[in-house]
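Okay, so here's the structure we're looking at.
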């Protein structure tokens, strides 16, 4: 099997092409990591879109950048930087925005935190002196050189995230849909919100190790937005969100393997294409349904 | 410090960028549209790199992308306010496109141009030419004049849209025009502090001003003053300590001011709530 692992490029034999993807350990690791990341991002993203916290999600994903830069500067493991900074960012965000959700003050606080994170990240990279090679992969991700240890860490954090949604999913859904009624019936709305931000931070930290700090958002928001477009049912919606995230990640990794362009471009473009496609189909369908309605009414 | 020409350029251009960001930012925060600013900063990145790939002028690409982006965001949304999820999906893709352009550009261009991506993302305030300075003077002047001109109706619309609409204020046109202006400022600021850090000058001084005063005109002035002061202090800091990048220092000072405002507000709140039961005088400040 080792001889077969030589890079052959894209041929007409689809089966052989797919098998070649699994021939290299680095590619197997990348696919495993991508799968774990897509799973977490799909679930967390669905709740994020439901709770209208896209700006918070984007800010937390940016916080991953100074985390990684600080870890390289201090010589600590990158994962520690990612997870530490994102968790801290989630707590700061929860404290700074408080209960004023959806207001201008909240968006100012979120924006200020995001800018501070970027400024700190750029400062750390400058101090580290590894500007060119390091910066691009921190910001835009790389799927090369993912180790088995990294995959195991990702799996651990993913299980933690899924466990959170398993335990707190129902009350969180209630609190997200109608905070006042949920509070009245004894659901701890505020602690749940803080916990959700923490989980969002962890998921983002995980995702950004593959896609880079700037492109996390594509996996987090776009599949979830598509799912929300398609259905308002919870279980189906989450499954759809995860499914789209998985498909986009696998296809993106495969395309990146066979071409010279970065994986981030493929993942974001595929996800966006699915979203736009669904929007267009829905728009056309709605118009047709409307026309049908009109035809029925007029006779 | 003022003996160096590049420092003089940086100070003049930076002050005007700060002024424009402070003024526009006040309305951005008031209208809860910081996320749109965030999106525009990413569009700026892609626009500049796409222009470089196509062999066009980088600055032209920057301005075209953000002004069109602002216009699109205005047209997309109902009542000229696009949905956060739509904005998010769109700019995530724009950024992916930017990464593609970056990959093509660094592959085809000579080695000397390898830093293009970093320059667009984090700005090059110390490398501005005289033309750049004139351009930022022009953008700063346009922004100030336009915003001061429409300040009253724009405030009205931002604070109570329904009543403004009923009184015959052109709500939609104002919203679209405002986002286009934001695009213009985003392009100019991207050159000075970088596409990514533009958000800091937009959100932090304005957020601080809103925490400190409820009067909109005083707030507008305070926001502009804080932004300009951040630029000056940041530039001075990075001149004194050359290892510190000016962009990071400018944004760091701005966010520091915001944090102080938050702290002031918080301690004031604690003190007044501690005094209130004793004096039995609600609302005493």
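Residue numbers (this note's numbering), protein chains in the order written: chain A, 1097 to 1395; chain B, 232 to 516. Beta carbons: idealized from backbone N, C-alpha and C, even for Gly. If you're wondering where the values come from, they're calculated on a predicted model, not measured in any experiment.
Cβ pair residue i, residue j closer than 8 Å
i: residue 451 of chain B; j: residue 272 of chain B; result: no
i: residue 367 of chain B; j: residue 275 of chain B; result: no
i: residue 359 of chain B; j: residue 241 of chain B; result: yes
i: residue 445 of chain B; j: residue 257 of chain B; result: no
i: residue 1158 of chain A; j: residue 1216 of chain A; result: no
i: residue 1109 of chain A; j: residue 476 of chain B; result: no
i: residue 1344 of chain A; j: residue 1321 of chain A; result: no
i: residue 468 of chain B; j: residue 480 of chain B; result: yes
i: residue 1271 of chain A; j: residue 1285 of chain A; result: yes
i: residue 1304 of chain A; j: residue 1160 of chain A; result: yes
i: residue 245 of chain B; j: residue 356 of chain B; result: yes
i: residue 1326 of chain A; j: residue 1374 of chain A; result: yes
i: residue 260 of chain B; j: residue 438 of chain B; result: yes
i: residue 1206 of chain A; j: residue 265 of chain B; result: yes
i: residue 416 of chain B; j: residue 405 of chain B; result: no
i: residue 295 of chain B; j: residue 332 of chain B; result: no
i: residue 1349 of chain A; j: residue 1119 of chain A; result: no
i: residue 517 of chain B; j: residue 1358 of chain A; result: Residue 517 of chain B is absent from the model: chain B starts at 232 and stops at 516.
i: residue 1140 of chain A; j: residue 1299 of chain A; result: yes
i: residue 453 of chain B; j: residue 1211 of chain A; result: no
i: residue 1177 of chain A; j: residue 1163 of chain A; result: yes
Continuous alpha helix (DSSP H) stretch holding residue i: start and end
i: residue 1358 of chain A; result: Looking at the DSSP string, residue 1358 of chain A is not in any alpha helix (DSSP H), and its letter there is neither H nor E.
i: residue 1258 of chain A; result: 1244-1273
i: residue 1181 of chain A; result: 1174-1193
i: residue 1125 of chain A; result: 1121-1146
i: residue 273 of chain B; result: 265-284
i: residue 356 of chain B; result: Run containing residue 356 of chain B: none; DSSP gives neither H nor E here.
i: residue 383 of chain B; result: 361-390
i: residue 1153 of chain A; result: 1150-1170
Nearest-angstrom Cα separation, counted from residue j out to residue i
i: residue 386 of chain B; j: residue 393 of chain B; result: 13 Å
i: residue 1318 of chain A; j: residue 1356 of chain A; result: 24 Å
i: residue 243 of chain B; j: residue 424 of chain B; result: 13 Å
i: residue 398 of chain B; j: residue 391 of chain B; result: 11 Å
i: residue 372 of chain B; j: residue 1269 of chain A; result: 49 Å
i: residue 1080 of chain A; j: residue 267 of chain B; result: Nothing in the structure corresponds to residue 1080 of chain A, since chain A is present only between 1097 and 1395.
i: residue 436 of chain B; j: residue 239 of chain B; result: 23 Å
i: residue 361 of chain B; j: residue 464 of chain B; result: 22 Å
i: residue 484 of chain B; j: residue 377 of chain B; result: 27 Å
i: residue 1428 of chain A; j: residue 1307 of chain A; result: Limits of chain A in this structure are 1097 at one end and 1395 at the other, which puts residue 1428 of chain A out of reach.
i: residue 1151 of chain A; j: residue 1142 of chain A; result: 14 Å
i: residue 300 of chain B; j: residue 411 of chain B; result: 8 Å
i: residue 1372 of chain A; j: residue 307 of chain B; result: 14 Å
i: residue 1324 of chain A; j: residue 319 of chain B; result: 14 Å
i: residue 1381 of chain A; j: residue 1116 of chain A; result: 40 Å
i: residue 408 of chain B; j: residue 1369 of chain A; result: 29 Å
i: residue 1134 of chain A; j: residue 1316 of chain A; result: 8 Å
i: residue 470 of chain B; j: residue 232 of chain B; result: 7 Å
i: residue 1364 of chain A; j: residue 330 of chain B; result: 10 Å
Reduced DSSP secondary structure (H/G/I, E/B, other) of residue i
i: residue 472 of chain B; result: coil
i: residue 1222 of chain A; result: helix
i: residue 1227 of chain A; result: Annotation note: pLDDT 48 at residue 1227 of chain A (below 50); position unreliable, no value reported.
i: residue 320 of chain B; result: helix
i: residue 401 of chain B; result: coil
i: residue 1284 of chain A; result: coil
i: residue 232 of chain B; result: coil
i: residue 288 of chain B; result: coil
i: residue 441 of chain B; result: helix
i: residue 1311 of chain A; result: coil
i: residue 1118 of chain A; result: coil
i: residue 426 of chain B; result: coil
i: residue 1329 of chain A; result: coil
i: residue 1279 of chain A; result: helix
i: residue 449 of chain B; result: helix
i: residue 461 of chain B; result: helix
i: residue 314 of chain B; result: coil
i: residue 499 of chain B; result: helix
i: residue 262 of chain B; result: coil
_Near-chain A residues of the stretch 436-453 of chain B (beta-carbon distance less than 7 Å), N- to C-terminal order_ = Contacts with chain A (Cβ-Cβ distance below 7 Å) from the stretch 436-453 of chain B involve 437, 438 and 441, listed in chain order.
*Taking a cut of 9 Å between CB atoms, which residues from the stretch 478-498 of chain B lie near chain A?*
From the stretch 478-498 of chain B, only 478, 479, 480, 481, 482, 483, 485, 486, 487, 489, 490 and 493 have a Cβ closer than 9 Å to chain A.
_Please list, in chain order, the residues of the stretch 1326-1346 of chain A that have any C-beta partner in chain B closer than 9 Å._
Against chain B - using a Cβ distance shorter than 9 Å - the stretch 1326-1346 of chain A contributes no residues.
*asked:* Closer than 9 Å between beta carbons: that is the criterion. Which residues of the stretch 1117-1138 of chain A meet it against chain B?
replied: Answer in chain order: no residues at all.
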